[in-house]
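Presented below is the structure to which this report refers.
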Amino acid sequence: MSIDREGLAEFLRVRRGALQPEDVGLPRGRRRRAEGLRREDVAALAYMSPDYYARLERASGPQPSAQMLAAIAQALRLTRAERDHLHRLAGRPVPDRDGSTDHVAPALMRILDRLIDTPAEVVSELGETLHQTPLAAALLGDARGRV
165 MSIDREGLAE FLRVRRGALQ PEDVGLPRGR RRRAEGLRRE DVAALAYMSP
215 DYYARLERAS GPQPSAQMLA AIAQALRLTR AERDHLHRLA GRPVPDRDGS
265 TDHVAPALMR ILDRLIDTPA EVVSELGETL HQTPLAAALL GDARGRV
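All letters in the sequence shown, in the order written, are residues 165 to 311 by the numbering used here.
Rendered as structure tokens:
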């Protein structure tokens, strides 16, 4: 598979523009010029350098790893279909759902049930939110099933 740099760059710009700061728990700020999220916002949410993310959006960056794509997918609140499309554009295999489990161990569920005043999530190895405490859902929105 080869990377479609222009397609990847366009997809990232469109998805970034579709999200508002409030959608990801960021304050809007008074003097925002950008419609939607800024590149720096996405980079911070994905735990990557702003320069690296900016190069991806300019179609001049390296081929992102599967781990980087998972972080970007989570930062941009992509659906499974959008995440799969992101991987195809980046020239990476689509993550295999067969190797993943949606099961949350009962012991972990009991711990989460006791975290009444703490936001917490259980996330799969693919970055999908499997379970949230009520406070996490209130802060982040209901993210179950999203990557």
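Just so it is clear, CB atoms sit at the ideal spot from N, CA and C, and this is done for glycine as well.
The structure presented is a predicted model; accordingly, all values stated were derived computationally and were not measured.
Residue range 230-239 is occupied by the alpha helix (DSSP H) that includes Q238. As the crow flies, the alpha-carbon of H295 is around 18 angstroms from that of A235. The beta carbon of H249 sits closer than 8 angstroms to the beta carbons of F175 from its chain, once the five residues preceding and following it are set aside; these are given in chain order. E170 and R219 have their C-alpha atoms some 11 angstroms from each other.
A straight line joining the alpha-carbon of V206 with that of R179 spans about 10 angstroms. Contact between G200 and G225 is ruled out by a C-beta separation of about 20 angstroms, above the 8 angstroms threshold.
With fewer than 16 other Cβ atoms inside 10 Å of its own Cβ, A269 counts as exposed.
Distances from the CA of R177 to each of L190, A300, A239 were compared; the closest alpha carbon is that of A239. Spatial neighbours of A230 in its own chain (CB-CB distance under 6 angstroms, excluding positions within 5 residues in sequence) are listed in chain order as R256.
Residue range 169-182 is occupied by the alpha helix (DSSP H) that includes L172. In the structure shown, L242 falls within a coil segment according to DSSP collapsed to helix, strand and coil. Secondary structure at E292: coil, using DSSP grouped into helix, strand and coil.
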